[in-house]
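Take a look at the structure below.
Residue numbers (my numbering): 1031 to 1386.
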């Protein structure tokens, strides 16, 4: 038994790539997740907001100054209430603030929030209550001055739309990575070489594998959205068609990325920890684990490098907002390009390996 343990240990130490992925990746994942979600866990949520000052009094200017100090560069000034409301509905900001004339010591304060972003509007409202108390000279310990909160945009369960997209994207990538590992087994057993001889080239083999992974991913997405369907808004035929394209592009991107990553690996021992790390990292940055507005601005922008963020935003635009806009087209282009890039990497790597 001791000899077997020593043999396992020697094999483990000799596999430097596997050793690094086993011992280095877990703490790296911890550091990344702590950085991504640390601000929300500590209660310091980075909220983007827009403010319209319709009161134009000394008190409203003081509120504006204090809120600017609290929010920083993520606070923008709007020219009208409708501009603030539209920005919230479009998702360009997390919450809006309207200051209107009132008969009291301070202006009327109204916080606008979108469905599914209650945390952002509640955080902003709490900050404004403290600011209002300071501006009005309210004594400590008294009940805070009321800040009105109002939801704008479509009514309904936006969380169902968001998490249907977020969860489906994450598991499509998990399944694609797992399915692509079949290529490692085929390569090791010599089956891939025999298939190449039968087909006359490598690309039909890889194309068939990618197509199958994409079909499985599309079926997964359909299953998730089928369960969520009773809680989704009424869907028009054009929305269903656009959803199909988005889901297909997402599944194709997952297949391409998976095949490219697995092609770079020499064994399952390398592929399993690396693929798991990449899937978790993409899911965290892209918003599959928690809404991206809870993240610091740096990670929010990095999220646009992931297919998850593009797919989730496309689902939100199509199903929740009922809009076919440039963001949806951009998502299709990004996902399609990623699918082609991953498949091309797999083809080049496998061809070079075969030529050796």
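Glycine residues also receive a C-beta, built at the ideal position from the N, C-alpha and C atoms. Treat the numbers as computed from the prediction; the structure is a model and nothing was measured.
Out of curiosity, what's the CA-to-CA distance linking residue i and residue j?
i	j	result
residue 1188	residue 1135	37 Å
residue 1227	residue 1293	19 Å
residue 1232	residue 1381	7 Å
residue 1022	residue 1104	No information on residue 1022 is available, as it lies outside the stretch 1031 to 1386 that the chain covers here.
residue 1313	residue 1193	12 Å
residue 1040	residue 1308	27 Å
residue 1169	residue 1319	Bear in mind that the predicted position of residue 1169 carries a pLDDT of just 45, short of 50, making it unreliable; the figure below should be weighed with that in mind. Taking the straight line from one Cα to the other gives about 41 Å.
residue 1078	residue 1124	5 Å
residue 1131	residue 1315	41 Å
residue 1296	residue 1214	7 Å
residue 1345	residue 1263	12 Å
residue 1246	residue 1181	38 Å
residue 1072	residue 1325	Because the pLDDT at residue 1072 is just 49, under 50, the model does not fix this residue reliably, and the value given afterwards should be weighed accordingly. Approximately 12 Å between the Cα atoms of the pair.
residue 1096	residue 1165	9 Å
residue 1272	residue 1278	10 Å
residue 1081	residue 1302	48 Å
Give me the residue from the options with the minimum Cα distance to residue i.
i	options	result
residue 1176	1109, 1190, 1182 and 1161	1161
residue 1240	1347, 1349, 1371 and 1106	1371
residue 1378	1273, 1269, 1236 and 1253	1236
residue 1375	1283, 1302, 1120 and 1298	1283
residue 1366	1256, 1336 and 1354	1336
residue 1329	1353, 1268, 1043 and 1076	1076
residue 1317	1343, 1305 and 1303	1343
residue 1363	1266, 1276, 1208 and 1332	1276
residue 1353	1269, 1334, 1098 and 1110	1269
residue 1149	1258, 1322, 1301 and 1205	1322
residue 1252	1211, 1202 and 1267	1202
residue 1211	1334, 1098, 1361 and 1298	1298
Hey, could you find the ends of the alpha helix (DSSP H) residue i is sitting in?
i	result
residue 1406	The first residue shown for the chain is 1031 and the last is 1386, placing residue 1406 beyond what the model contains.
residue 1188	1188-1210
Tell me, please, whether the CB atom of residue i is closer than 9 Å to any CB atom in chain D?
i	result
residue 1335	Of the protein chains in this structure there is only one, and it is not chain D.
Assuming residue i is part of the beta strand (DSSP E), what are its boundary residues?
i	result
residue 1231	No beta strand (DSSP E) contains residue 1231, which DSSP labels as neither H nor E.
residue 1108	No beta strand (DSSP E) contains residue 1108, which DSSP labels as neither H nor E.
residue 1083	1079-1083
residue 1182	1178-1182
Which ranges does the beta strand (DSSP E) cover as unbroken runs of at least 3 residues, wholly within the region 1111-1154, from first to last along the chain?
1125-1130 and 1138-1144
For the region 1249-1302, which segments carrying the alpha helix (DSSP H) assignment without a break, of at least 4 residues, lie completely within its bounds, in sequence order?
1267-1293
Unbroken alpha helix (DSSP H) runs of length 4 or more, entirely within the region 1298-1367: which are they?
1298-1316, 1327-1332 and 1337-1345
Taking contact to mean at least 3 C-beta pairs separated by less than 8 Å, is the region 1110-1117 in contact with the region 1277-1292?
no
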